[in-house]
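Protein chains in written order, with the working numbering: chain E, 4 to 316; chain C, 23 to 295. All C-beta atoms, glycine included, are put in the ideal place defined by N, C-alpha and C. Working notes for the structure below.
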Amino acid sequence: MAAYLGKRLLGLGAVWLVLSVVSFLLVHLAGGSPASVILGVQATPEAIARLNQIYGLNLPLPVQYVRWLSQVVRGNLGQSIFLNAPVAVAITTHFGVTASITLVGFAVAAVIGFSAGIFAAVRRGVTDMLVVLASSGASVLPEFLLALALLVLLADVLPVFPVQGYIPLVRAPGAWFMHICLPSLAIGLIQGGPLARFVRNGMLQTLATDYVRTARAKGLPRRAVLLRHALRSALLPVITAAGLIFTALLGGAFAAEVVFNLPGLGRMLLDSALNRDFPTLQGGVLFVGTLVVLVNLVVDLAYGLADPRVTYA
Amino acid sequence: MHNRTWARHARLWVGGGALCIIAVLVLIVPFLVHLDPNAADPNSLMQPPSPDHAMGTDMYGRDVLVRTIYATQIALGIGLGVSVGTFLLGMPIGMAAAYIRNLDGFIMRTVDTLMSLPPVLLAIASVAVLGAGLLNIVVVLLIAWTPLTIRVARAATLALSSQEYVEAARALGSTLPRMLYRHILRNAVDSVLVQQTVVFVGAILGEATFSFIGAGLQPPAASLGTMLGETQAVVVQAPWLAAFPAGVLVAIALAAVLVGDGLRDRAAIGRGA
Chain E
4 MAAYLGKRLL GLGAVWLVLS VVSFLLVHLA GGSPASVILG VQATPEAIAR
54 LNQIYGLNLP LPVQYVRWLS QVVRGNLGQS IFLNAPVAVA ITTHFGVTAS
104 ITLVGFAVAA VIGFSAGIFA AVRRGVTDML VVLASSGASV LPEFLLALAL
154 LVLLADVLPV FPVQGYIPLV RAPGAWFMHI CLPSLAIGLI QGGPLARFVR
204 NGMLQTLATD YVRTARAKGL PRRAVLLRHA LRSALLPVIT AAGLIFTALL
254 GGAFAAEVVF NLPGLGRMLL DSALNRDFPT LQGGVLFVGT LVVLVNLVVD
304 LAYGLADPRV TYA
Chain C
23 MHNRTWARHA RLWVGGGALC IIAVLVLIVP FLVHLDPNAA DPNSLMQPPS
73 PDHAMGTDMY GRDVLVRTIY ATQIALGIGL GVSVGTFLLG MPIGMAAAYI
123 RNLDGFIMRT VDTLMSLPPV LLAIASVAVL GAGLLNIVVV LLIAWTPLTI
173 RVARAATLAL SSQEYVEAAR ALGSTLPRML YRHILRNAVD SVLVQQTVVF
223 VGAILGEATF SFIGAGLQPP AASLGTMLGE TQAVVVQAPW LAAFPAGVLV
273 AIALAAVLVG DGLRDRAAIG RGA
């Protein structure tokens, strides 16, 4: 287990390093000197020289990268050009929205995915067909379209939910829930589709094994057979998929934020990209990437815990 | 059994047929009648579907049917271009990763990194670097989807290279290029093709999403995403503005999924499963 974890940590560390290089290079990919990119077309040569001096933009790229990285690991992502705040602060204030939608969306996806998947595998027949069909349907529906449909149906036509805006959880939990309910539902419903398929396929495989038949034959309650014997082994491929589903939920949350006009990370990053606010964009990309890497680490840990055989190096 | 085989092929035929019909319609109609997707008629703003405008008109008096035709051309073009592009990039890289052990670690780490970023985030970041338009959409979709093709190509190559017939070919002194082409590529192509239908769907939905949120094609360009984005504010009063582009988007994606399922089953039958 320790060797397995060590190897995974090393791999994820490498992924994170590549990610940091990519975020660092974003401003250099844009063409033109970073200072003129940041200051815009009307920048005077003096202003450019000053910025180069302050940020060390004249130094060789590797040196700049190391300097940038040493600031980043200390939590200093620089100053946002348009938001008038440190990038780290801007990210934290906007992240609450994205995190709320993604996590509630994850819960929706998990409830739908597990119940539909188990139901389909146990019942087979028409139930199974409907679940597989609905899962295919979810795979051809982009998140923003479902979000748009929910917005029209449940916020405009039947004014049950607020159309836009956000209220933090700590201020008013009820209002918070109402504001993030529809976007979370939109992304959760769509990602519940592939999850249901993974659960269904895993359950179908384990339900056909000898040990499940033995468990049934010795008269164990149906519930115990399904949940303790069948589901536990069926969980392994599902855990592997959880990382990908999380990434997809995060992307879906960005699109849903735009539909519901929520002040989340996606909205903020889109605005900083349109304004060529590179410090914010770089910090945001690195932040989201780090988040995904951490989630994958948790997935690997969970995999190791769920499957005692995972000890390979 | 006979019925089931027919049902498998039916998906391939229905999906492929639907895609062909849509493609032929949107490619031929603009040749037969001269249509301008941006021609605005101030006398018929937001008109519901009628004999004059089969899909109605939008808030500038533009014909929704004409715009949908052009938007579908773009969607199909991007879907096809990106699935061919990711195939041409991913297939050799995936095979190289499977065959050249020194490259494997580097390629797969890069693949992992690229897959750790949601494509929407890549699209947003690319706007700052490349500007918003066709170019950034295609570049982002290639970056986002090639890693998956690499994975599938690598896995298929690894599985095949340990097969007895490949070892036999090697023992018979088959050259590496001949082996890669005749014995690996031709057999690995089946599973990669199934993956490319997934890429096709992903690319079409991706274009719509990017353009919808403003990180892709920009209005007044007629794309399924911009059409849906532009009409978001008035969709309750004029549902046809969203219904037709959304319907076409889902129909194309559904048809491609059917083709993918059909190809997957055909490959399974070919392997005797």
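Helix, strand or coil at residue i [DSSP, three-state]
i, result
"P241(C)", "coil"
"Q217(C)", "helix"
"T79(C)", "strand"
"P197(E)", "helix"
"H31(E)", "helix"
"V298(E)", "helix"
"S196(C)", "coil"
"R70(E)", "helix"
"N264(E)", "coil"
"P52(C)", "helix"
"G282(C)", "helix"
"R53(E)", "helix"
"D74(C)", "coil"
"M23(C)", "Note that M23(C) scores a pLDDT of 46, beneath 50, so its modelled location is shaky; the value from the coordinates is reported in the next line. In the structure shown, M23(C) sits in coil (DSSP, three-state: anything other than H, G, I, E or B)."
"S39(E)", "helix"
"T212(E)", "coil"
"Y169(E)", "coil"
"K10(E)", "helix"
"N61(E)", "coil"
"P311(E)", "coil"
"I91(C)", "helix"
"M68(C)", "coil"
6 Å Cβ shell around residue i - same chain, five flanking residues per side excluded
i, result
"W337(E)", "Absent from the structure is residue 337(E), since the part of chain E shown begins at 4 and ends at 316."
"S275(E)", "T283, L284"
"A145(C)", "V162, F232, A237"
"F98(E)", "L268"
"G191(E)", "G108, V111, A112"
"A32(C)", "none"
"F222(C)", "G101, S105, A278"
"G292(E)", "L22"
"P242(C)", "N60"
"F147(E)", "A258, V262"
DSSP bridge partner residues for residue i (one or two, in chain order)
i, result
"A62(C)", "R84(C)"
"Q82(E)", "P89(E)"
Beta-carbon proximity list for residue i, same chain, < 8 Å, skipping 5 on both sides
i, result
"L164(C)", "V104, G107, T108, L111"
"A305(E)", "I242, A245"
"T219(C)", "S105, A278, V279, V281, G282, L285"
Short Cβ contact (8 Å threshold) for residue i with residue j
i, j, result
"L154(E)", "V163(E)", "no"
"I159(C)", "L227(C)", "no"
"V216(C)", "L285(C)", "yes"
"Q95(C)", "V48(C)", "yes"
"G101(C)", "A268(C)", "no"
"A97(C)", "L246(C)", "yes"
"F249(E)", "V202(E)", "no"
"A251(E)", "A150(E)", "no"
"D280(E)", "S39(E)", "no"
"F266(C)", "V88(C)", "no"
"A256(E)", "I104(E)", "yes"
"V59(C)", "Y92(C)", "Looking at the sequence itself, residue 59(C) is Pro, so the reference to Val does not match. Going by C-beta atoms, P59(C) is nearer than 8 Å to Y92(C)."
"G286(E)", "A91(E)", "yes"
"A119(C)", "R176(C)", "yes"
"G222(E)", "A141(E)", "no"
"V228(E)", "T135(C)", "no"
"L180(C)", "V188(C)", "no"
Nonlocal neighbours in the same chain, by C-beta distance under 7 Å from residue i, ignoring five residues either side
i, result
"S213(C)", "V174, A178, A289"
"L210(E)", "A124, A233"
"L144(E)", "I193"
"L143(C)", "none"
"A93(E)", "S83, L86, M271, T283"
Cβ-based contacts, 7 Å cut-off: residues of the segment 273-291 of chain E near chain C: L273, A276, L277, R279, F281, L284, V288, V291
Short of 7 Å Cβ to Cβ, which residues in the segment 220-240 of chain C face chain E? V223, L227, A230, T231, F234, I235, G236, A237
Determine which residues of the segment 298-312 of chain E have a Cβ less than 8 Å from any Cβ of chain C, and write them out in chain order. N299
So if I threshold CB-CB distances at 7 Å, which residues from the segment 150-163 of chain E count as touching chain C? L151, V155, D159, V160
Of the residues that make up the segment 115-142 of chain C, which ones have a beta carbon closer than 7 Å to any beta carbon in chain E? R131, T132, D134, T135, S138, L139, P140, P141, V142
Can you list, in chain order, the residues of the segment 253-273 of chain C whose Cβ is nearer than 8 Å to any Cβ on chain E? Q254, V257, V258, P261, A264, A268, L271, V272
Output needed in chain order: residues of the segment 105-138 of chain E with a Cβ under 8 Å from some Cβ in chain C. none
Check distances from the C-beta atoms of the segment 257-274 of chain E to those of chain C and list, in chain order, the residues that come in under 8 Å. F257, A258, V261, V262, G269, L272, L273
Taking beta-carbon pairs under 8 Å, can you tell me which members of the segment 165-183 of chain C lie near chain E? none
Positions along the segment 19-30 of chain E whose CB lies within less than 7 Å of some CB in chain A: The question asks about chain A, but that chain is absent: this structure's protein chains are E and C.
Give, in chain order, every residue of the segment 64-87 of chain E whose Cβ lies closer than 8 Å to some Cβ of chain C. none
Along the segment 41-68 of chain C, where does the CB come closer than 8 Å to a CB of chain E? Name the residues. none
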